[in-house]
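K.L.:
The number in our numbering is simply the position in the sequence shown, starting from 1, with 662 added. Each residue gets a CB set at the ideal place from its N, CA and C atoms; glycine is no exception. In this text, all values refer to a predicted model and were calculated from it rather than measured experimentally. Below is one structure. I have some questions about it.
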Amino acid sequence: MPTHESGSTAQSIEEYIDPRLKPLIKMPESPSERPRLIGNKCKFCKEYFFPKRVLCPNCLKEEGLEDVLLSHRGRLYTYCIVKAAPLGFSAPYAVGYVDLPEGLRIFSPLTVDNEKELQIGMDLELFVDKIREDETGKTVYGYRFRPFSI
Ligand SMILES: [Zn+2]
663 MPTHESGSTA
673 QSIEEYIDPR
683 LKPLIKMPES
693 PSERPRLIGN
703 KCKFCKEYFF
713 PKRVLCPNCL
723 KEEGLEDVLL
733 SHRGRLYTYC
743 IVKAAPLGFS
753 APYAVGYVDL
763 PEGLRIFSPL
773 TVDNEKELQI
783 GMDLELFVDK
793 IREDETGKTV
803 YGYRFRPFSI
């Protein structure tokens with residue numbers, strides 16, 4: 663099972679990403695890059711969207727939407743601890759809403775060593791790691807946020 667900490671390459675981690683999430687994640691191509699979420703932005707009203715929209719809900723135009731890489735850092739808006747996990751997940755785990763500088767609020771699993779670390783307003787960073795196991799027991803990766811540490 664690959665993990666970031668074991669030094670696995672972005673390419674090997676990419677194989678494990680949930681196919682439904684792959685179009686939303688740009689994996690780093692060098693050690694200096696970070697994984698990023700792919701959203702889009704309307705060039706007319708300048709609003710950002712994640713997941714991407716095919717039509718701007720403000721302008722009702724399709725032709726103004728452009729793919730953009732979103733900030734890999736955000737702030738915790740709110741969170742909760744899930745104590746009864748759905749199939750494939752292991753409880754307890756944290757989920758929350760993360761505010762990005764682009765004005766987006768993103769729902770995401772959160773990673774902390776101890777749930778007491780979670781503080782509303784804290785700085786978080788995006789990373790890619792295990793989310794769940796599929797019905798065959800295969801590890802499935804996706805995006806998560808964790809406390810930002812320099
Ligand atoms: Zn628009």
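(1) Can you tell me which of the three DSSP states K684 falls into?
(2) For R806, does the count of other Cβ atoms within 10 angstroms reach 16, so buried, or fall short, so exposed?
(3) With C-beta atoms as the reference, is E731 less than 9 Å away from R682?
(4) Evaluate the contact criterion for the stretch 745-764 versus the stretch 720-728: three or more CB pairs, one atom per stretch, below 8 Å.
(5) Do G750 and ligand 1 come close, with the Cβ less than 8 Å from some heavy atom?
(6) At what residues does the beta strand (DSSP E) containing C742 begin and finish?
(7) Hey, I679 and V802: beta-carbon distance below 9 Å or not?
(8) Does any heavy atom of ligand 3 sit closer than 8 Å to the C-beta of E728?
(9) Locate the beta strand (DSSP E) running through P809, then write down its first and last residues.
(10) Hey, how far is the Cα of A615 from the Cα of E709?
P.N.:
Reading off the structure:
(1) Secondary structure of K684 (DSSP, three-state): helix.
(2) Under a 10 Å Cβ-count criterion, R806 is classified as buried, with 16 or more other Cβ atoms of the shown protein chains found around its own Cβ.
(3) Looking at the sequence provided, one finds Leu at residue 731 rather than Glu. When the beta-carbon positions are compared, L731 and R682 stay at least 9 Å from each other.
(4) Too few Cβ pairs lie closer than 8 Å, so no.
(5) Short note on G750: C-beta not closer than 8 Å to any heavy atom of ligand 1.
(6) Looking at the DSSP string, the run of the beta strand (DSSP E) that includes C742 is R735 to V744.
(7) Contact flag set, yes.
(8) Although ligand 3 was asked about, the structure shown includes only ligand 1 as ligands.
(9) Element bounds for P809: T801 to P809.
(10) Residue 615 is absent from the structure shown; the chain starts at 663 and stops at 812.
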